[in-house]
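So the protein sequences, as listed, match chains A, B and C.
Sequential numbering of the first sequence, starting at 57, is according to the working numbering.
Sequential numbering of the second sequence, starting at 57, is according to the working numbering.
Sequential numbering of the third sequence, starting at 57, is according to the working numbering.
Cβ atoms here follow ideal geometry from the backbone N, Cα and C, with glycine treated the same way.
Step one of this worksheet: look at the structure below.
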Amino acid sequence: MFGEYLENVRRNSPLIHNITNYVTANDAANILLACGGSPIMADAEEEAEDITSVCDGLCINLGTLNQSKVGAMLKAGKKANELGHPIVLDPVGAGSSAFRTESARKLMNEVRFDAIRGNITEIKTLALGKAGAHGVDADSADIVNKDNISSAIAFAKAFSASCGAVIVISGAEDIVCSACKAYVIKNGHPIMSRITGSGCMLSALTAAYITANKGHGLEAAAAAAAAMGVCGELAYERLLVTGGGNATFRNYLIDAVFNMDGDLLERRAKYEIQ
Amino acid sequence: MFGEYLENVRRNSPLIHNITNYVTANDAANILLACGGSPIMADAEEEAEDITSVCDGLCINLGTLNQSKVGAMLKAGKKANELGHPIVLDPVGAGSSAFRTESARKLMNEVRFDAIRGNITEIKTLALGKAGAHGVDADSADIVNKDNISSAIAFAKAFSASCGAVIVISGAEDIVCSACKAYVIKNGHPIMSRITGSGCMLSALTAAYITANKGHGLEAAAAAAAAMGVCGELAYERLLVTGGGNATFRNYLIDAVFNMDGDLLERRAKYEIQ
Amino acid sequence: MFGEYLENVRRNSPLIHNITNYVTANDAANILLACGGSPIMADAEEEAEDITSVCDGLCINLGTLNQSKVGAMLKAGKKANELGHPIVLDPVGAGSSAFRTESARKLMNEVRFDAIRGNITEIKTLALGKAGAHGVDADSADIVNKDNISSAIAFAKAFSASCGAVIVISGAEDIVCSACKAYVIKNGHPIMSRITGSGCMLSALTAAYITANKGHGLEAAAAAAAAMGVCGELAYERLLVTGGGNATFRNYLIDAVFNMDGDLLERRAKYEIQ
């Protein structure tokens with residue numbers, strides 16, 4: 057099933073408007089090109105609606121946020137809602153500053169998102185108003201593991217029910233869920249947390265997948281998370297052969313997305329439905 | 057002839073002021089270093105004239121545009137005109153938003169450019185005021201092919217005659233022309249469109265080439281386009297040997313510029329004059 | 057001794073707040089992850105104090121400076137001083153524009169820095185108010201060589217005495233000094249100047265090292281400079297084996313930081329104390 061979602065991205069080549077941070081914008085653009093989509097990065101309020109209108113989907117990422125970008129996000133988000141374009145929110149660093157937390161809430165209040173992807177701390181901040189994150193990584197107290205994954209899934213389903221978006225919580229195992237169904241994705245490799253942009257790239261990929269598979273948001277987001285995880289595994293396997301470190305791994309990860317096909321994704325995707 | 061223009065870049069090591077987007081700024085900086093030039097990226101209005109003054113050439117790129125950058129572009133452009141520094145305009149996304157189209161026109165009205173490089177849709181937007189682009193790639197209705205290349209060349213020559221700049225239209229074959237002479241560059245590889253920044257990198261390279269070869273703008277711009285195309289071919293050949301995807305290709309492309317010399321460019325450049 | 061400082065970075069995993077430029081932000085983030093630290097990039101005035109507060113150290117970099125970032129730098133810097141967080145200043149391009157020179161001076165007046173890292177021209181601009189830099193590279197008249205290194209060390213010690221920060225002057229040999237003791241680091245390779253971000257990456261690395269080794273600022277900064285130099289040598293040696301250019305070198309450099317350990321740094325570090 058996931059393989060078909062991947063092939064639909066290559067077939068439909070969705071054009072994604074990204075309002076994103078300057079740290080990982082290049083990686084996000086290259087991963088969108090790698091998966092068969094096409095990126096345009098634009099964050100000025102003056103052109104937010106125009107750019108959204110010529111695109112097929114929207115990805116809003118709160119990294120390196122500033123006041124002017126928030127204005128662009130609101131305008132682009134409302135326009136995308138009006139046009140029926142799928143929207144992904146990546147609340148990078150929500151909980152790390154009042155500005156990011158409040159901006160994320162404002163976006164949640166004024167824009168309807170199709171999917172929200174973050175680490176457990178960022179998602180909890182959105183859902184519960186809990187702050188206290190340390191930087192852009194998940195807080196150690198929040199880490200999802202075998203013992204608490206059931207309660208994390210219940211929490212994510214409840215959040216999905218309340219906000220209407222597919223919820224994607226990245227971690228050692230990724231949770232991708234709607235109000236009543238959760239995919240637990242068991243692909244990936246720990247080295248993915250040793251490069252910047254793993255999360256941002258998955259958010260961009262998710263935007264491409266849900267845009268190219270309209271009406272199948274949950275499954276498409278699960279396929280994107282599985283694809284990213286499988287590509288992390290493939291990249292790590294290639295790194296073991298050639299040697300190298302996190303910079304080489306980043307390149308191999310994008311390369312793997314470029315070379316991936318539906319069959320390979322079907323064969324390697326590991327997940328449970330709960 | 058192209059080989060000499062390349063060697064002049066290495067010899068003169070032009071320092072290029074880039075007012076550019078945050079998606080491909082790193083790639084543009086590294087390709088300028090690779091070709092033998094030197095980059096400085098600076099986009100604040102407060103320092104635009106100062107930075108232009110300590111540089112040898114200027115490259116203005118409309119990616120991730122905002123109002124404050126437009127102010128910097130106008131100030132830097134006027135100062136560069138005053139000092140006789142060559143200027144390249146890359147109208148990224150012109151036609152995709154009224155803001156970009158109008159900013160590009162304003163720049164065209166107030167600054168004299170030595171070269172303008174874009175895809176066919178962006179260049180048509182500048183020349184004809186035609187909008188309706190979809191993102192940052194050429195519109196499918198505009199694509200230049202065997203059947204319409206003669207009319208594309210005639211159009212580009214007429215635009216060059218009216219604005220005084222060398223016109224560079226990137227595509228499967230690149231058109232580089234003045235009012236009365238066109239180089240059709242037949243180098244390159246389709247995978248170049250599967251990375252972000254191919255166009256931005258060529259614009260930066262063009263700025264380096266025309267700055268290091270003053271008084272030979274047309275030939276220098278043609279040499280830059282040929283060099284980029286040859287490096288795309290070399291990078292793809294290397295990719296076939298090592299394996300990899302678009303991320304590895306991006307690195308190999310910059311590497312090829314780094315390792316290129318005038319003799320190799322002479323041997324591999326394929327072009328017609330029309 | 058340097059090896060222990062490196063291991064402390066891996067052990068303490070310092071979270072560094074970076075207010076930096078968009079050209080090399082991705083490289084700086086990846087090198088922080090490579091060395092065992094963790095990055096957060098955030099440059100909005102609205103969240104500067106919040107972000108600094110959740111981090112352990114701060115790195116302020118003047119590349120692609122604008123007025124709004126200066127405000128964020130001042131707020132973050134004062135908050136970091138208040139909290140006792142180590143701060144590194146990288147005065148990229150100081151001397152190239154009045155705006156950068158004045159912003160650097162304002163920062164020096166209002167914030168106490170633990171370390172300042174730049175090329176000789178940037179450091180002279182800060183210390184002497186001398187302007188006239190050409191871009192972001194050292195001015196040829198300033199280059200430190202065998203004949204003038206003694207006077208450069210004396211100058212750097214005097215500057216350290218007057219401002220209280222460890223001074224790091226990058227060049228063919230790096231000078232890392234306090235008011236009374238200088239390490240002259242003899243590691244590195246000339247190709248490091250053929251990629252963008254060598255300096256920015258070292259500044260970020262220095263922030264990680266001095267944050268993870270509080271109370272040992274001079275030695276930690278010297279260890280960071282030696283580690284960067286050794287990694288440059290290792291990356292170049294790997295490049296000789298695989299072939300490639302500056303893009304591949306950049307990846308290998310970050311990879312080398314990722315794979316480096318204290319023993320290797322001890323064995324390869326070459327320095328004199330003066």
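Find the residues of chain B that neighbour residue i, judging by a C-beta separation of less than 7 Å, and give them in chain order.
i: residue 304 of chain C; result: 307 and 311
i: residue 300 of chain C; result: 311
i: residue 315 of chain A; result: 301
i: residue 259 of chain C; result: Chain B residues near residue 259 of chain C: none, gap ~16 Å exceeds 7 Å.
Quick check on residue i: buried or exposed, where buried means 16 or more other Cβ atoms within 10 Å of its Cβ?
i: residue 138 of chain B; result: exposed
i: residue 142 of chain B; result: buried
i: residue 297 of chain B; result: exposed
i: residue 246 of chain A; result: exposed
i: residue 329 of chain C; result: exposed
i: residue 293 of chain A; result: exposed
i: residue 202 of chain B; result: exposed
i: residue 136 of chain B; result: buried
i: residue 204 of chain C; result: exposed
i: residue 197 of chain A; result: exposed
i: residue 140 of chain A; result: exposed
i: residue 206 of chain C; result: exposed
i: residue 275 of chain C; result: buried
i: residue 57 of chain C; result: exposed
i: residue 174 of chain C; result: buried
i: residue 253 of chain A; result: buried
Can you pull the chain C neighbours of residue i, defined as C-beta to C-beta under 8 Å?
i: residue 155 of chain A; result: 100, 102, 103 and 106
Which residues in chain B have a C-beta closer than 9 Å to the C-beta of residue i? List them in chain order.
i: residue 97 of chain A; result: 77, 78, 79, 119, 120, 192 and 252
i: residue 288 of chain C; result: Ordered by position in chain B, no residue passes the 9 Å Cβ test against residue 288 of chain C, which lies about 15 Å from the chain.
So residue i and residue j are supposed to be a Cβ contact under 8 Å. How far apart are they, rounded?
i: residue 194 of chain C; j: residue 215 of chain C; result: 16 Å between Cβ atoms; not a contact.
i: residue 301 of chain B; j: residue 82 of chain A; result: No, residue 301 of chain B and residue 82 of chain A are not in contact; Cβ-Cβ is about 15 Å, not under 8 Å.
i: residue 99 of chain C; j: residue 128 of chain C; result: 5 Å
i: residue 62 of chain B; j: residue 283 of chain B; result: 6 Å
i: residue 280 of chain B; j: residue 258 of chain B; result: 7 Å
i: residue 48 of chain A; j: residue 59 of chain A; result: As displayed, chain A neither begins before 57 nor continues past 330, which places residue 48 of chain A out of reach and without an answer.
i: residue 172 of chain A; j: residue 224 of chain A; result: 7 Å
i: residue 337 of chain B; j: residue 64 of chain B; result: Given that chain B is displayed from residue 57 to residue 330, the structure contains no residue 337 of chain B and the question cannot be resolved.
i: residue 152 of chain A; j: residue 106 of chain C; result: 7 Å
i: residue 264 of chain C; j: residue 116 of chain C; result: That pair is no contact at about 14 Å.
i: residue 75 of chain C; j: residue 154 of chain C; result: In fact, because the Cβ distance is near 21 Å, the residues do not count as touching under 8 Å.
i: residue 238 of chain C; j: residue 209 of chain C; result: 5 Å
i: residue 295 of chain A; j: residue 308 of chain A; result: 6 Å
i: residue 233 of chain A; j: residue 80 of chain A; result: Going by Cβ atoms, the distance from residue 233 of chain A to residue 80 of chain A rounds to 25 Å, so no, they are not a contact pair.
Run through chain A and tell me which residues come within less than 8 Å of residue i, C-beta to C-beta.
i: residue 82 of chain B; result: 82
i: residue 130 of chain C; result: Simply none; closest approach about 16 Å.
i: residue 68 of chain C; result: Near residue 68 of chain C there are no residues of chain A at all, since even the closest Cβ is about 14 Å away, more than 8 Å.
i: residue 123 of chain B; result: 100 and 102
Going along chain C in order, which residues have a C-beta closer than 9 Å to the C-beta of residue i?
i: residue 16 of chain A; result: Not covered by the structure: residue 16 of chain A. The range shown for chain A is 57 to 330.
i: residue 89 of chain B; result: 249, 250, 251, 252 and 302
i: residue 297 of chain B; result: Neighbours of residue 297 of chain B on chain C: none; closest Cβ ~10 Å, over 9 Å.
Could you pull out every residue in the same chain whose Cβ sits closer than 8 Å to the Cβ of residue i, ignoring the five residues on either side in sequence?
i: residue 162 of chain C; result: 126 and 130
i: residue 66 of chain B; result: 91 and 92
Identify the contact partners of residue i in chain A, using a Cβ-Cβ distance below 7 Å as the criterion.
i: residue 196 of chain B; result: Per Cβ cutoff of 7 Å: no residues; residue 196 of chain B is ~11 Å from chain A at best.
Under 6 Å Cβ to Cβ from residue i, same chain only, skipping five residues before and after it: list those, please.
i: residue 313 of chain A; result: 87, 90, 91 and 287
i: residue 235 of chain C; result: 213, 216 and 217
i: residue 324 of chain B; result: 286
i: residue 306 of chain B; result: 251
Which chain C residues sit within Cβ distance under 7 Å of residue i?
i: residue 244 of chain A; result: Within chain C, no residue comes near residue 244 of chain A; the closest Cβ sits about 16 Å away, beyond 7 Å.
i: residue 185 of chain A; result: The premise fails here: residue 185 of chain A is roughly 16 Å from chain C at the closest Cβ pair, so nothing lies under 7 Å.
i: residue 85 of chain B; result: 79 and 252
Could you name the residues of the same chain whose beta carbon sits closer than 7 Å to that of residue i, not counting the 5 residues immediately before and after it, in chain order?
i: residue 118 of chain B; result: 146, 147, 148, 149, 150, 156, 159 and 160
i: residue 168 of chain A; result: 137 and 220
i: residue 164 of chain B; result: 182 and 219
If we cut at 8 Å on Cβ distances, does residue i have a partner in chain E?
i: residue 227 of chain A; result: The structure shown contains no chain E; its protein chains are A, B and C.
(Q) Runs of 3 residues minimum, wholly inside the stretch 67-154 of chain B: which ones carry the beta strand (DSSP E) assignment? (A) 71-75, 94-97, 113-117 and 143-146
Q) Quick one: complete alpha helix (DSSP H) runs, 4+ long, within the stretch 241-280 of chain A? A) 254-268
Q. Which runs of the beta strand (DSSP E) spanning at least 3 residues fall entirely within the stretch 165-209 of chain B, listed in chain order?
A. 171-175
Q: List in chain order: all unbroken alpha helix (DSSP H) runs of 4+ residues lying wholly within the stretch 278-303 of chain B.
A: none
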